[in-house]
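Protein sequence lines, in the order shown, are assigned to chains S and W.
Note that the first sequence covers residues 224 to 430 in the numbering used here.
Note that the second sequence covers residues 224 to 430 in the numbering used here.
Worksheet: the structure to be examined is printed underneath.
2 protein chains.
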Amino acid sequence: MWSFVVIGRNASASGEYAIEDLPGSSGRTDVLLRCIRAALLYSHGIRRDVRVYLVLCGGPKAPRTVRVDGLTARFIRPDERSLALLVKKTLARAPEGGLSQFVEIKPGVAVANGGVPCVMADVGEAATYVLEEDAPDLRTQGRLTGDSVFFLGDHLGFQEDTRAALTSLGAKPVSVGPVSLHSEDVVAIVTNELDRFREAAPVPEVE
Amino acid sequence: MWSFVVIGRNASASGEYAIEDLPGSSGRTDVLLRCIRAALLYSHGIRRDVRVYLVLCGGPKAPRTVRVDGLTARFIRPDERSLALLVKKTLARAPEGGLSQFVEIKPGVAVANGGVPCVMADVGEAATYVLEEDAPDLRTQGRLTGDSVFFLGDHLGFQEDTRAALTSLGAKPVSVGPVSLHSEDVVAIVTNELDRFREAAPVPEVE
């Protein structure tokens, strides 16, 4: 299982934004939405062994986290508008209150009232990485086997307390090359690297 | 200079589609739009030495090609809706008739009434590649230097006559790994590989 955790510093946790102006009204939730596509979808298929967590740290009701699980998710469409509607509807149906466990809103799509700690409790035992500029290249890390979790920032990068939390979790800094890229491109490149590791050492497919 | 040429088999050449339903109404122009972002934008910047060509082969007025040139383009936004509006407005202002040279509609954004031949006349001398499953890995091709052009299909792949034209141009088949990916992810991965080549052998920056 691979998990991508994308942390949106200002991304709206309430879902109260205009679909017609995602960049201007959603705290740049559009960046996170594009990561869903990059992580889960390949040509005419969905990656059944991948989960994406969008940690929404902006506005009322923050932090909240939306989880999309490739194993059970259905009808995940690649376009940004469809993904925006999916996340917006999910947030609108999120339970109120302090419930910090994930609650499934529709097949494969769940929400929790909390941020990184909720994610860590949910992923359980896994090798943990944080994508960062100038960190050692992912290609030099040897073969990734077993469950892996990758933390990424959005266009604003991590807040100091988030970065400190990731350090205390033992997340290993890795990078994907010499240029600072959009989060969704980082997801695509990490996924490609994992595909290549897997091809070299296949694991059984999830049914 | 790197150029990406994305061929949309059914992508609307007239631009007569609904922004609110790109996948359903535009011949999957959404796939091509996402390639603009992946090719041109990195974190807080635009790649000045990259061009993207969207070859629109669907509906009335096909084929037409929209070119976005990172050197002179301004205000290229990353979200799909903004990119859709940019392409739609460009097509609405395209000159009628047989003019097969690129005509600039706004800074860095041009359109031509034609397909692959227009693109080839425009790029001039360059090493030409075609992205294809099961082709030799781009990583094994040695260092890419000089001008390079990469042809990609959309979710439907190439039509037979297009593929034949690419063969006759001497386009070299390359792949980016074991899984068939979305076009925009292929662009991101090829770009990452080019970034890595360039880091190993820097070229002067474009002013």
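Backbone N, C-alpha and C define an ideal beta-carbon position, used for all residues, glycine too.
Predicted, not measured: the structure shown is a model, and the values here were computed from it.
W:Asp418: contacting residues in chain S (beta-carbon distance under 9 Å): Gly400, Pro401, Val402, Leu404
Own chain partners of W:Ile412 with C-beta closer than 6 Å, once the 5 adjacent residues on each side are dropped: Val399
Cβ contact (3+ pairs, closer than 8 Å) linking the stretch 330 to 349 of chain W and the stretch 290 to 308 of chain W: yes
Chain S within 8 Å of W:Asp272, Cβ atoms only: no
C-beta neighbour in chain W for S:Arg300, strict 8 Å: Taking a beta-carbon distance threshold of 8 Å, S:Arg300 counts as an interface residue toward chain W.
Which of helix, strand or coil DSSP assigns to S:Asp292: strand
Buried versus exposed call for S:Gly250 [16 or more other C-beta atoms within 10 Å across all chains shown]: buried
Identity of the residue in S:Asp370, S:Pro396, S:Gly376, S:Ala387 nearest S:Gln364 by Cα: Taking only the C-alpha atoms, the option nearest S:Gln364 is S:Pro396.
Neighbourhood of S:Glu430 by C-beta, 7 Å cutoff - its chain only, sequence neighbours within 5 removed: Annotation note: pLDDT 49 at S:Glu430 (below 50); position unreliable, coordinate value reported separately. Here the set comprises nothing.
Interface residues of chain W facing S:Pro340 [CB-CB closer than 8 Å]: Result: empty, since nearest Cβ-Cβ is about 27 Å, beyond 8 Å.
W:Asp302 versus S:Asp253 - alpha carbon distance: 7 Å
S:Leu404 - DSSP class collapsed to helix/strand/coil: coil
Secondary structure of W:Leu367, DSSP reduced to three states: coil
Rounded separation between W:Ser226 and W:Arg274 - CA only: 5 Å
Integer Cβ distance of W:Ala261 from W:Val410, believed to fall under 8 Å: 4 Å
According to DSSP, residues forming a beta bridge with W:Thr351: W:Val372
Presumed contact (8 Å Cβ cut-off) between S:Ala296 and S:Ile269, rounded CB distance: 7 Å
is_contact[S:Leu412, chain W] using C-beta, thresh 8 Å: According to the sequence provided, residue 412 of chain S is Ile. The question's Leu does not apply to it. Yes, S:Ile412 counts as interfacial toward chain W.
Simplified DSSP state of S:Asn233, which is helix, strand or coil: strand
At least three beta-carbon pairs within less than 8 Å, the stretch 338 to 347 of chain S to the stretch 304 to 316 of chain S: Flag = no, the stretch 338 to 347 of chain S and the stretch 304 to 316 of chain S do not touch.
Counterpart residues of W:Ser398 in DSSP-defined beta bridges: W:Asp360
Residues sharing a beta bridge with W:Ile269, DSSP: Beta-bridge annotation (DSSP): W:Ile269 is paired with W:Leu264.
Closer than 9 Å at the beta carbon, the chain W residues around S:Ala261: His405, Glu407, Asp408, Ala411
Of the listed residues W:Arg316, W:Phe381, W:Asp360, W:Asp418, nearest to W:Val229 (C-alpha basis): The option with the nearest alpha carbon to W:Val229 is W:Phe381.
Supposed contact pair S:Pro401 and W:Arg419 - C-beta distance, whole angstroms, cut 8 Å: 7 Å
Status (buried if at least 16 other CB within 10 Å, exposed otherwise) for W:Gly369: exposed
Local conformation of S:Phe227 per DSSP, three classes: strand
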